[in-house]
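Residues -19 to -1, 1 to 631 in mature numbering (1 follows the signal peptide of the UniProt record, and there is no 0) are what the sequence shown lists, from first letter to last.
Ideal Cβ positions, reconstructed from N, Cα and C, are used throughout, including at glycine.
The structure presented is a predicted model; accordingly, all values stated were derived computationally and were not measured.
Notes follow once the structure below has been shown.
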Amino acid sequence: MLSLQLLSSVLLLAGSALAGLDNETSPTHIFRSRPDLHAPMLEMALLRPELVAPGYIMLAPYRNVDPGPYIYDNWGQLVWSGAGSSGPKTAHAPHTCDYKGEEHLCYSQGEQHQGFARGHGVIMDKHYRIVKTVESSGAGASSDMHEFRLTPYSNGTTALMTVYQPRMYDLTTNPKFQIKDGMGWIVEGVFQEIEIDTGRVVFEWRSTDHLDPSLTYTFPARTDTSGNGLTENTPWDYFHINSVDKNRDGDYLISARHMAAIYKLSGVDGSIMWEMGGANPTFHQTNFNFSSQHHARWVSENETHTILTFYDNASNGFNRTDKFSHGYVVSIDHIANTATMIKEYGAPEPSGGMLSGSQGNMQILPNGNVHLGWGEHPYFSEHTADGSPVMYAKVAYRASNVMIYRSHKFPWVGQPLTKPALWTYSKTNDEKSGMVFYVSWNGATEVASWNFYASANRTGPFSLVGNTKKTGFETVMRYNNVTTWGFAEALDKDGNALERSVIQKTFVPSVTLRDHCDEWACGRAEAIRDEDAHYDPYSQVKPEYLSNNRGYDTSAYYAELPKTTEQDAAEEKAQQQRASQARMLVAVLCVTAGVGVIILALVLIRKQLSGAMPNSFVRRMSDVRDAISIRLLGKKYVQVDEEEKYSDRS
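Quick look at the structure:
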């Protein structure tokens, strides 16, 4: 057991050899082949690889360097960075979804506000292309981030979405609302079931139609997300809907954080069929309590019993009902009207658990394991069905302010349409220094190994110089020689070629930089200190030591560069010379043709005089001769009454 954990740590360290910290609380990867990516670095506090469920960890941290959807493998290695893939706004809760018969990625994306968001749902295919966005419908606000999922049992034709709708409301009738003068404002909890292809509203439910604000446990201005209800910009969020599920019968299950309740709603008229927790509970809770909960999901249901799961925060950041947060499995007995907690899962912390004042989720995996996201703390864990932890990791420290609304774990096959990225390096051109290949392919899940090719010329021929297994997001291979050009080729588990990188030029540092480099790469740059401000490297370095080797070949990425003014002038002069030569050639050809006609005419005349030609032909040729002669002498030929006469016009 210990050896497996040590092996895991070694692999993580090897894959992160080039990783660095942007700060002490939010460690971030640095990849030589993809320096544009700033993915959070997963830190595994616990890993039992023989017990974790297969699949990929999907999460979307925010308030970090590059917020967005991310995918990691069971070793904590990055698989896909989706930062910026659907725009600059915040993403939440990436997970797989079945859309039109194929697995896709679904997540919400939008503008983050205090406790809610404004945006839409995103559906992305296995090539990481957005194939559909889903918006809420009707005369109201855009969808919120708390729930976007394709509706269970709909064959991927509809989606469930939450909406946080501000509206005017008379809050003077209840002294608990602490508003006595003027019109107040509340946030209405809304969810819609939307037909994806048409945008048609299949079903809509609004909290104010069924639950009075006086039933809340979170009054105005009591928490950082409740609002004070005084203006349209600070409406009171009395309900705070944060999850929606649907069963085979067409009924809905929702969680309302500020009501501390989970409701089953009729799919016909939206009426409340039962309430667990809250102000008017249907069931007696035999061995547990909960508050500020998230992510209620049905597990099973029949006429007598319902099994469901949810994440009990047990705190809203200001009040709490338990020492720690937990994931719960609860059995509801509809005959006895009781609710009993049958399983609970806590964070594997030395203190015994973790209290999360917001966000979080619980997911039962296909093999029976349980995945938990710890909400405002950017942690997640996996447990066996009996509660034993088998994975515990974080993407940032608690002091970082980085959060993860929900994290999930699903099987996934990613086939990006991009090419693998390659960077090659050699400290010197000396064969003894060798060279290093750094290669990655963002989002590709089927790569098992890499082939590496090299050549002295960009056009080849290229020789296979190495093969190595894929190790983490970025694979590194050292070659005991130096060549100017190279490329990498991705192979699947059966040795089939998947895709090649572009041909790259090997980066060799200049002499001035070389002192700060080793056999793997060069160190980070440092700013010139005040005492060194006078330093002028060009006055101290020989010209032959300077280098413009950028380590890449721009012709592989860009179109032909525009010509300079000197190039344009030279090309125009050459065109003029070619045109002049063409005109001269035409003139020579015309003169030659004219002389040839004259010679032919003279020959024919001579033969006529000798009687060798018919009279009619001789007469016509004589006419030609005379015409040519007159033109040459400046005369004009005139024919009158079939007699040939000449008039001098000179």
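#1: Taking the straight line between their C-alpha atoms, what separation do you get for residue 642 and residue 33?
#2: Hey, residue 97 and residue 145: beta-carbon distance below 9 Å or not?
#3: Nearest to residue 637 by CA position, among 15, 59, 76, 189, is which residue?
#4: Entirely within the stretch 207 to 269 and at least 3 residues each: give me those beta strand (DSSP E) ranges in chain order.
#5: Would you list the one or two residues that DSSP bridges to residue 92?
#6: So, helix, strand or coil for residue 159, using DSSP?
#7: Taking only runs of the beta strand (DSSP E) that begin and end inside the stretch 455 to 505, which ones reach a length of at least 3 residues, in chain order?
#8: Spatial neighbours of residue 434 within its chain, please: C-beta separation below 8 Å, excluding the five flanking residues on both sides.
#9: Per the contact definition of three or more C-beta pairs closer than 8 Å, is the stretch 301 to 308 in contact with the stretch 261 to 274?
#10: Whole angstroms is fine: what's the gap from residue 142's alpha carbon to residue 295's?
#11: Which of helix, strand or coil does DSSP assign to residue 302?
#12: Given residue 209, which residues of its chain have a CB within under 6 Å of its CB, disregarding the five upstream and five downstream residues?
#13: Over the uninterrupted beta strand (DSSP E) stretch that includes residue 309, give me the two end residues.
#14: What residue range does the beta strand (DSSP E) around residue 168 cover?
#15: Would DSSP call residue 40 helix, strand or coil?
#16: According to DSSP, which residues form a beta bridge with residue 281?
#17: Can you grab the Cα-Cα spacing for the pair residue 286 / residue 165, in whole Å?
#18: Report the option in 212, 194, 227 whose CA atom is closest to the CA atom of residue 220.
#19: I need the straight-line Cα distance from residue 184 to residue 131, nearest angstrom please.
#20: Rounded to a whole number of angstroms, what is the C-alpha to C-alpha distance between residue 331 and residue 401?
#21: If you count every other CB in all the chains shown that lies within 10 Å of the CB of residue 162, and 16 or more means buried, which is it?
#22: One question on the structure: do residue 240 and residue 196 come within less than 9 Å of each other, judged by their Cβ atoms?
#23: Please classify residue 317 as buried or exposed, where buried requires at least 16 neighbouring CB atoms within 10 angstroms.
#24: Can you check DSSP and say which residues form a bridge with residue 397?
#25: Which residues mark the beginning and the end of the beta strand (DSSP E) in which residue 149 is found?
#26: Reducing DSSP to helix, strand and coil, say where residue 58 ends up.
#27: Which residues bound the beta strand (DSSP E) around residue 353?
#28: Between residue 229 and chain C, is the shortest Cβ-Cβ distance under 9 Å, so that the two count as touching?
#29: Around the C-beta of residue 545, are 16 or more other C-beta atoms found within 10 angstroms, so that it is buried, or is it exposed?
#30: Taking the CB atoms as reference points, tell me whether residue 172 and residue 225 lie closer together than 9 Å.
#31: Going by alpha carbons, who is nearest to residue 262 out of 278, 252, 243?
#32: Is the Cβ-Cβ distance between residue 126 and residue 89 less than 9 Å?
#33: Return the first residue and the last residue of the beta strand (DSSP E) that residue 324 is part of.
#34: Alpha carbons only, please: which of 229, 67, 116 is nearest the one belonging to residue 179?
#35: Here's the rule: buried if 16 or more other CB atoms are within 10 angstroms of the residue's CB, otherwise exposed. What is residue 505?
#36: Can you have a look at residue 437 and say buried or exposed, based on whether 16 or more other CB atoms are within 10 angstroms of its CB?
In brief:
#1: Given that the chain is displayed from residue -19 to residue 631, the structure contains no residue 642 and the question cannot be resolved.
#2: Yes. Within cutoff.
#3: A question about residue 637 goes unanswered here, because the residues of the chain that appear run from -19 up to 631.
#4: Qualifying beta strand (DSSP E) stretches, in chain order: 222 to 227, 233 to 237, 242 to 246, 253 to 258.
#5: Residue 92 has 99 as its beta-bridge partners, per DSSP.
#6: Residue state, collapsed to three classes: coil.
#7: For the stretch 455 to 505, the full-length beta strand (DSSP E) segments reaching 3 residues or more read 455 to 460, 466 to 472, 478 to 481 along the chain.
#8: Result list for residue 434: 443, 444, 445, 446, 467, 468, 469, 470, in chain order.
#9: Yes: the two stretches touch, three or more of their Cβ pairs being nearer than 8 Å.
#10: Cα to Cα, residue 142 sits roughly 25 Å from residue 295.
#11: Three-state result, residue 302: coil.
#12: Same-chain partners within the cutoff: 201, 202, 215.
#13: Segment 307 to 314, the beta strand (DSSP E) holding residue 309.
#14: Per DSSP, residue 168 belongs to the beta strand (DSSP E) from 165 to 176.
#15: Strand at residue 40.
#16: According to DSSP, residue 281 bridges with 288.
#17: Straight-line Cα distance between these residues: approximately 42 Å.
#18: Residue 194 is the option with its Cα nearest to residue 220.
#19: Looking at the two C-alpha atoms, the distance is approximately 14 Å.
#20: Rounded to whole angstroms, residue 331 and residue 401 show a C-alpha spacing of 42 Å.
#21: Exposed, because fewer than 16 other Cβ atoms sit within 10 Å of the Cβ of residue 162.
#22: In this structure, residue 240 lies near residue 196, with their beta-carbon atoms less than 9 Å apart.
#23: Residue 317 is exposed by the Cβ-count criterion.
#24: Residue 397 pairs with nothing; no bridge assigned.
#25: 139 to 150 is the span of the beta strand (DSSP E), which, as asked, contains residue 149.
#26: Coil.
#27: Run containing residue 353: 351 to 354, per the beta strand (DSSP E) assignment.
#28: Considering every chain present, this structure includes no chain C. It has just one protein chain.
#29: Confidence at residue 545 is low in this model, with a pLDDT of 49, below 50, so its placement is unreliable and the value that follows should be read with caution. By the neighbour-count rule (16 or more Cβ atoms within 10 Å), residue 545 is not buried but exposed.
#30: It is a contact, given that the beta carbons lie within the stated cut-off.
#31: Closest option to residue 262, Cα to Cα, is 243.
#32: One thing to note: residue 126 has its Cβ within 9 Å of the Cβ of residue 89.
#33: Counting along the chain, the beta strand (DSSP E) containing residue 324 begins and ends at 319 to 326.
#34: Ranking 229, 67, 116 by CA distance to the CA of residue 179 puts 116 first.
#35: By the neighbour-count criterion, in which 16 or more other beta carbons inside 10 Å mark a residue as buried, residue 505 falls on the exposed side.
#36: Around the beta carbon of residue 437, fewer than 16 other beta carbons sit within 10 angstroms, so the residue counts as exposed.
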